[in-house]
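Single-structure report; data block below.
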Amino acid sequence: MSFGLDIGTSFLVSATKDPKNDDSPVEVKSIRDAFLDVDADQSIINMLKMSNFSYIQEEDNIYIIGEPALSIANLLKREVRRPLSQGVISSGEYDAEKMLIILLKDILKKPSYENEPVFFSIPAESIDKDMDVVYHEAIFKKIIESFGYRAVSMNEAAAIVYSNCASNGFTALASSAGAGMVNTALVYQTMVGMAFSVSRSGDYIDRSAAKAVGSTATRIMSIKERGVNLLDPSEGNPKQMREREAIIVYYRNLIHYVIDTVKKEFKKEENKIELPDEIPWIISGGTAKAKNFLEFFKREFEKERNNFPIGISEIRMANDPLGDVAKGLLIAALND
Amino acid sequence: MYIVIGNSPKKILLKDLNDCIYYKQQKAFTDAQYQHSSELRQAITRGFVIVVRRTEDKSASFNISSNDVIPEIKDVEIGPSKIDQLLERIKELEVNLGRQNQKAKETDSTILSTILKRLDNLEKKESTVDISVIKEALGNIEKKIQESKAQENKNDILVEKIQKIINTSIKEKTKEVIPKKKDNVITEERYIPNIRVEDAKSHINLQVRKIDSGDNVADSIKRLKELRSKSK
């Protein structure tokens, strides 16, 4: 088996396929990258077992993992804990690193043969925040290789081009809007010409909207994921209208921020990159799953098309916004 | 800025900061937050929270010490400079001018002696030329001699000016980097911790889905192989 492993702030996603059998299906596994610590009590353990919730028990500590962590945090009016923050692992969060090892062990299992490849995603350097991508890459390489695999890192946005742009000669502009950051890459026939990330994305929308309406980020995330129509904030529970309006304002803010950043970054590299006349822009990631996101993005982009430095033939969503990074990494692993 | 780490198995609540610290969780608090929060100060006093280090209050910046050795940069003359070439040319011209002046002087003296001889002859012979004409001719000769002298002065002034320029000119320079030896530079190794998880019991339910022939993964793999073989 070869593995593609998307290590995201919100989800851990793996894609795997038997390389010897072209007809074998691609298996995608995922789990929400969040946990909540609760007191180790037998009644709680019984409840978790009955509900079939994912959890980890270590000595006197219980950590609820995944989607249930979010629901229980909401109930208790607490914030979930995340092993990753804004796209990278934060050094010093020992519990977080332990969570990741346990989760990755469960996802990857034991290798079928020595040096079985695992291509894992890393973000590009952020242009608006100091972040330690080197530590992030090094720790995941160490974790994955400790399981007996051969670990190879690859840019997250470039992986989307692998999974979505075969018909475009693997040439496109791709943006992956995750929870912690938006990763963008300009790829020409699998070669990365430009790559960067910005520290605003889903979490920024949640935090900003929560602050604006006096709520918690976790609650805003739940409302957002339940469904916000970006073209019509009145759609949904009337009691949550203010929250939806705030979410839309920050979505618009995010899109223009990304467009402006692409313009600035491309200007630095334009003398070194030769592109075909027009290329597609592929959008992916959990933050892009909001209802009518694509239409909303296109409308905002049209306001800036005339002074956008790259000719864009079309803007389209990735086929599988949650799984395409992992699939792109798998494609690269199978061609290794 | 106070960098702290949780030292209690129980979560430390900081209600006055609307925050909490978990066991072994690292957090940063500004000096203002530390001063404001009596609960934080209490937790530190009781040992539930440990101060790892104190730094200057900065926002989102890294204090990374640089191991780069800053090289010495000094000014180095490049040459032969254009001014030097000009100076040489001027010297050549001076020499030529000197020779010309020498010739001119010799010519002048020859002309004068010739004129004087003729004048002598004229004195001896009766001349039919009118005195006014002779005076005019002499006047013209005198003018020409004066002009010739003035030209010599002009040349001297010119040479003086150029000399002044040369003396006060700034020589062309460039900057040269003198590399320093890196004997004392130590490359910092990054510490990646070993984390033990053997004691943890996990009960994880992953969301699993299988994607069949509807997906374009197989097609992407095929096209990627074609692209790679074309580029070889």
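One line per chain: the protein sequences are A and B, in this order.
Under numbering that gives the first Met the number 0, the first residue of the first sequence is numbered 0, with each subsequent residue one higher.
Under numbering that gives the first Met the number 0, the first residue of the second sequence is numbered 0, with each subsequent residue one higher.
The beta carbon of each residue, even a glycine, is placed where N, CA and C say it ideally should be.
- Nearest to A:Ile-204 by alpha-carbon distance, out of A:Ala-156, A:Ala-287 and A:Asp-319, is A:Ala-287.
- Pairing A:Gly-168 with A:Lys-97, the inter-Cα distance amounts to about 40 angstroms.
- The three-state secondary structure of A:Gln-188, taken from DSSP, is coil.
- Contact annotation: the region 193-212 of chain A does not touch the region 302-316 of chain A, with fewer than three C-beta pairs closer than 8 angstroms.
- The beta-carbon of A:Gln-56 is placed less than 7 angstroms from the nearest beta-carbon of chain B.
- At least one C-beta of chain B is nearer than 7 angstroms to the C-beta of A:Glu-26.
- For A:Leu-333, the closest alpha carbon among the candidates B:Met-0, B:Ala-217, B:Val-50 and B:Val-94 is that of B:Ala-217.
- For a Cβ distance threshold of 7 angstroms, residue set Asp-21 of chain A lies close to B:Ala-217, ordered along the chain.
- When DSSP reads this structure, A:Phe-265 sits in no beta bridge, so it has no partner.
- At least 7 angstroms separates the CB of B:Arg-53 from every CB of chain A.
- With its beta carbon at least 7 angstroms from every one in chain A, B:Gln-41 lies outside the interface.
- Taking a C-beta cut-off of 9 angstroms against chain B, the contacting residues of the region 149-172 of chain A are Tyr-161, Ser-162, Asn-163, Cys-164, Ala-165, Ser-166, Gly-168 and Phe-169, listed in chain order.
- In the three-state scheme derived from DSSP, where H, G and I count as helix and E and B as strand, A:Asp-32 is classed as coil.
- Cβ-Cβ distances below 6 angstroms link B:Lys-14 to nothing in the same chain once the five nearest sequence neighbours on each side are left out.
- Within the region 73-110 of chain A, the complete alpha helix (DSSP H) runs of at least 4 residues fall at 93-107.
- Runs of the alpha helix (DSSP H) spanning 4 or more residues and lying entirely within the region 130-160 of chain A occur at 132-145, in chain order.
- Around A:Val-227, the same chain offers Arg-243, Ile-246 and Ala-289 as residues with beta carbons nearer than 6 angstroms, after the five sequence neighbours per side are excluded.
- At a C-beta separation below 8 angstroms, A:Leu-333 has these neighbours in chain B: Ile-220.
- Scanning the region 201-289 of chain A for uninterrupted alpha helix (DSSP H) segments of 4 residues or longer gives 201-212, 216-226 and 240-268, listed from N- to C-terminal end.
- For A:Ala-325, the enclosing alpha helix (DSSP H) covers residues 323-333.
- At a beta-carbon threshold of 9 angstroms, none of the residues of chain A lie near B:Ile-11; the nearest stands roughly 13 angstroms away.
- Of all residues in the region 174-190 of chain A, the ones placed with a Cβ closer than 9 angstroms to any Cβ belonging to chain B are Gln-188 and Thr-189, in chain order.
- For A:Arg-199, no beta strand (DSSP E) segment is defined, and its DSSP state is neither H nor E.
- Residues of the region 96-114 of chain A with a Cβ closer than 8 angstroms to any Cβ of chain B, in chain order: Glu-96, Lys-97, Ile-100, Ile-101, Leu-102, Lys-104, Asp-105 and Ile-106.
- Taking 8 angstroms as the upper bound for CB-CB distance, B:Leu-39 and B:Leu-16 are in contact here, some 7 angstroms apart.
- Per the Cβ contact rule, the region 29-39 of chain A is in contact with the region 61-73 of chain A (3 or more Cβ pairs under 8 angstroms).
- Closer than 7 angstroms to the CB of A:Ser-53 there is at least one CB belonging to chain B.
- When rounded, the separation of the alpha-carbon atoms in B:Gly-138 and B:Glu-146 is 12 angstroms.
- For the pair A:Tyr-112 and A:Ile-6, the Cα-to-Cα distance works out to about 23 angstroms.
- When 9 angstroms is used as the limit between beta carbons, A:Ser-196 is near no residue of chain B, the shortest such separation being about 15 angstroms.
- In the structure shown, A:Thr-15 falls within a strand segment according to DSSP collapsed to helix, strand and coil.
- In this structure, DSSP gives A:Met-180 a state outside helix and strand, which the three-state scheme calls coil.
- Not one beta carbon of chain A lies nearer than 7 angstroms to the beta carbon of B:His-35.
- Under the three-state reduction of DSSP output, A:Gly-3 falls in the strand class.
- Here DSSP, grouped into helix, strand and coil, assigns A:Ile-63 to strand.
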